[in-house]
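J.:
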Amino acid sequence: MKKTTIALLTLLASSTVSAEAELDQTLRRAVINGDYTKVEQLIRLGADINVPGKLGHTPLIFAAEDGQLKIAQLLIDHGARINKQTNGGYTALSAAADEGSIALVSELLKAGADPHIKTRNGMDALMIAIRSGEADVISILMAYNSNINTADRFGNTALMIAASQGNLDVVYMLLLADAGMNIRNKDGNTALMLAAKRQHSEVITAILDRGASTGVTDDHGATALHYAISNKGVKSVNILLNHNANIDVADHDGWTPLMEAVSRGNTPLVELLINKGANINVRDHEGLDLPQIAKVNRHAKLVSYLRGLLKQ
Numbered sequence: 009m010k011k012t013t014i015a016l017l018t019l020l021a022s023s024t025v026s027a028e029a030e031l032d033q034t035l036r037r038a039v040i041n042g043d044y045t046k047v048e049q050l051i052r053l054g055a056d057i058n059v060p061g062k063l064g065h066t067p068l069i070f071a072a073e074d075g076q077l078k079i080a081q082l083l084i085d086h087g088a089r090i091n092k093q094t095n096g097g098y099t100a101l102s103a104a105a106d107e108g109s110i111a112l113v114s115e116l117l118k119a120g121a122d123p124h125i126k127t128r129n130g131m132d133a134l135m136i137a138i139r140s141g142e143a144d145v146i147s148i149l150m151a152y153n154s155n156i157n158t159a160d161r162f163g164n165t166a167l168m169i170a171a172s173q174g175n176l177d178v179v180y181m182l183l184l185a186d187a188g189m190n191i192r193n194k195d196g197n198t199a200l201m202l203a204a205k206r207q208h209s210e211v212i213t214a215i216l217d218r219g220a221s222t223g224v225t226d227d228h229g230a231t232a233l234h235y236a237i238s239n240k241g242v243k244s245v246n247i248l249l250n251h252n253a254n255i256d257v258a259d260h261d262g263w264t265p266l267m268e269a270v271s272r273g274n275t276p277l278v279e280l281l282i283n284k285g286a287n288i289n290v291r292d293h294e295g296l297d298l299p300q301i302a303k304v305n306r307h308a309k310l311v312s313y314l315r316g317l318l319k320q
């Protein structure tokens, strides 16, 4: 009799747990479907608004991902945990920033959402918003963010992300907020280098006009000028040179910007650098001069041109 009673109680408990789990799952589905009325009903029936799904998404995070403002407000009013994270570290605020919903971001911040919480990749809500590109969302997050120079797990700051994307308006916003311009990521890249890599000439100008150094080097000794040349940016190269970038700076392999241009067979850049006074009598750490670098890389016309210059 005792064993039968225990078995029955276990069955009832299991049935209750199963029913609760089903109720919670139904709530998450209702949120995903944007069904406000059903969400309201399920909350009244006792659904747990903080139970996450398999990947750690709570109903509030699902609502934020889809920009469901009214449902999010309902969940918050009934005690949703604002800063709960998914398995990947996303919060409701992260999701709203990614969605680009200014109304939802504002609501979450007012309700106590922490803008400094980071995802598994080290991105806070501001970085995520910059990646999405919504200026209004970025602006309000900056107002709540006490450290705009925090970095993700790759060492990238908010300014680096904006510079890399070529988002000039956001770059201006961050520069006005005194974002660090000469901070290096884990590869040694600065915001200026990342802009030079992608030929975002207006961003390059904005960062330089604010006082960024052209002399910072990455882990291989390359400067922003090296990056601009390696990506065929005549306009970017001109901007950097006009801001006093060292035209003859060598990286750890002994390569100057002119050598980089020669190796790529970029005649317009080679001529530009030479006209700007680049040293043509350079050799790399292996002893190769400019004509030899051109020859190794099969740029026959440049070989003749450079040999002619060296004979003068």
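First residue of the sequence shown? That's 9 in our numbering, and the numbers climb one at a time after it. Using N, Cα and C, we set each Cβ at its ideal position, and we do this for glycine too. Since the structure is predicted, the reported quantities are computational estimates derived from the model, not experimental observations.
#1: Compute the Euclidean distance between the alpha carbons of residue 58 and residue 166, then round it to the nearest angstrom.
#2: Are the beta-carbon atoms belonging to residue 96 and residue 63 less than 9 Å from one another?
#3: Are the stretch 113-124 and the stretch 161-181 in contact at 8 Å, needing three or more beta carbon pairs?
#4: If I follow the unbroken alpha helix (DSSP H) through residue 199, where does it start and stop?
#5: If you run the structure through DSSP and keep just helix, strand and coil, what is residue 93?
#6: Here's the rule I'm using: 16 or more other beta-carbon atoms within 10 Å means buried, otherwise exposed. How should residue 310 be labelled?
#7: Using only alpha-carbon positions, find the residue among 245, 206, 252, 199 that is nearest to residue 226.
#8: How would you call residue 319, buried or exposed, if buried means at least 16 neighbouring beta carbons within 10 angstroms?
#9: Out of 153, 223, 149, 147, which has the shortest C-alpha to C-alpha gap to residue 254?
#10: With distances taken Cα to Cα, identify the nearest neighbour of residue 61 among 42, 29, 114, 263.
#11: Return the CA-CA distance between residue 271 and residue 136, expressed in angstroms with no decimal places.
#12: Please name the residue in 281, 290, 83, 101 whose C-alpha comes closest to that of residue 52.
#13: Report yes if the C-beta of residue 52 is less than 8 Å from at least one heavy atom of the ligand NAP; otherwise report no.
#14: Give the secondary structure of residue 76 by DSSP, where H, G and I count as helix, E and B as strand, and everything else as coil.
#15: Can you tell me which of 238, 214, 221, 192 puts its alpha carbon nearest to the alpha carbon of residue 205?
T.: This is what the structure holds:
#1: In a straight line, the C-alpha of residue 58 is about 31 Å away from that of residue 166.
#2: Yes, they are a contact pair.
#3: The stretch 113-124, when compared against the stretch 161-181, does not touch it at the 8 Å Cβ threshold.
#4: 199-205 is the span of the alpha helix (DSSP H), which, as asked, contains residue 199.
#5: Coil, per DSSP.
#6: That one is buried.
#7: For residue 226, the nearest C-alpha among the options comes from 199.
#8: With fewer than 16 other Cβ atoms within 10 Å, it is exposed.
#9: Nearest option by C-alpha distance: 223.
#10: Comparing Cα-Cα distances from residue 61 to each of 42, 29, 114, 263, the minimum goes to 29.
#11: Straight through space, the alpha carbons of residue 136 and residue 271 are spaced by roughly 38 Å.
#12: Ranked by how close their Cα comes to the Cα of residue 52, the residues 281, 290, 83, 101 have 83 in first place.
#13: No copy of the ligand NAP occurs in the structure displayed, which carries no ligand at all.
#14: In the structure shown, the three-state DSSP call for residue 76 is coil.
#15: The option with the nearest alpha carbon to residue 205 is 238.
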